[in-house]
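A.B. asks: Just passing along the structure, written as structure tokens.
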Amino acid sequence: MTEWADSALVLRMGHFREADLWLKMLCRGHGLLTLFAFGGSRSRRRFCGCLDVLNSLHCRVSASRRGDFLNLEEAVLLDGPQTLRQDWRRMGLAANCLRFVEALGVTAEGAAGAYALVEDLRRTLESAPALPGLFPLFFRLRLAGVMGFAPNLESCGQCGAPLEGGGQFVVDEGQMRCPVCRAASGPARYGVELRPAGLDLLRHVQQELPSGWRVDALPAEDRRACARAIDGFVQYHLGLAWEEGFFRRV
1 MTEWADSALV LRMGHFREAD LWLKMLCRGH GLLTLFAFGG SRSRRRFCGC
51 LDVLNSLHCR VSASRRGDFL NLEEAVLLDG PQTLRQDWRR MGLAANCLRF
101 VEALGVTAEG AAGAYALVED LRRTLESAPA LPGLFPLFFR LRLAGVMGFA
151 PNLESCGQCG APLEGGGQFV VDEGQMRCPV CRAASGPARY GVELRPAGLD
201 LLRHVQQELP SGWRVDALPA EDRRACARAI DGFVQYHLGL AWEEGFFRRV
């Protein structure tokens, strides 16, 4: 029987049968997995009451005899939120971000970066005095980058010239156009004009963890442009749209 140990974050938990649990876990070395904790709602010796959402655990996992599912054999609490669960607004932001992790999926190759990102997300929601207004959208852009889907916001996708000012983000191409190439190419089917402040902010988000994101308010026009660029990129290139509390495939 295959067995391994790893650090993991609880993204979601549910019950099946009377005493058994299923968990969506983001494992630092193995990526996003569904684990089954048989007796998980009763066995405090094996799980110490630590299977709540957003907890970080050290887990011992084994494969079933036929290899068709994974058992959570034992878990020890490493870290978890202290006051976040009493703040329903921030828990709503957390739920939005965790749903995106589930919808996008995390492979073993991107697991370490995604794990660090979600741990920092939890700490930021727990302790930051203020948050950016586009926090969930910023998280989507940042996780997409961790998973290797980051759009290049530094240079023109056509001529390669560095973008020293603003530019146009062409959503269906997933790349920027400088003013010269934009004029030569004509109107884009789905283009978002990003002024210098908005473009600089998106670059900043791509490079920093949530705890380092700027909270300064952008002008409304720049804020709307950033939101449209991220949302368009996620829908067109990752195939995900947030609707009525869930991500659906588009």
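Sequence positions in the sequence shown follow the UniProt record's numbering and run 1 to 250.
Here a beta-carbon is modelled for each residue, glycine too, at the ideal position from N, C-alpha and C.
1. Could you work out which residue in Met147, Ala217 and Ala94 is closest to Ala111 when comparing CA atoms only?
2. Could you round the C-beta distance between Ala95 and Leu125 to whole angstroms and report it? I think they count as a contact, below 8 Å.
3. Based on DSSP bridge pairs, tell me the residues matched to Trp4.
4. Flag this pair as yes or no: are the beta carbons of Pro196 and Gly166 separated by less than 7 Å?
5. Could you pull out every unbroken alpha helix (DSSP H) segment of at least 4 residues lying fully inside the segment 73-104, listed in chain order?
6. Distance check for Val170 and Gly191, CA to CA, integer angstroms please.
7. Let me know the secondary structure DSSP gives Ala108 once reduced to three states.
8. In three-state terms, what does DSSP make of Cys226?
9. Can you grab the Cα-Cα spacing for the pair Gly80 / Gly212, in whole Å?
10. Met13 to Leu238, Cα distance in whole Å?
11. According to DSSP, Arg177 sits in a beta bridge with which residue or residues?
12. Where does Gly212 sit, in a helix, a strand or coil, going by DSSP?
13. Measure the alpha-carbon distance for Arg28 versus Glu154 and round it to whole angstroms.
C.D. replies: On the basis of the supplied data:
1. Met147
2. Actually they do not touch by this definition, with Cβ atoms about 11 Å apart.
3. Val61
4. yes
5. 88-104
6. 4 Å
7. coil
8. helix
9. 20 Å
10. 25 Å
11. Gln168
12. helix
13. 30 Å
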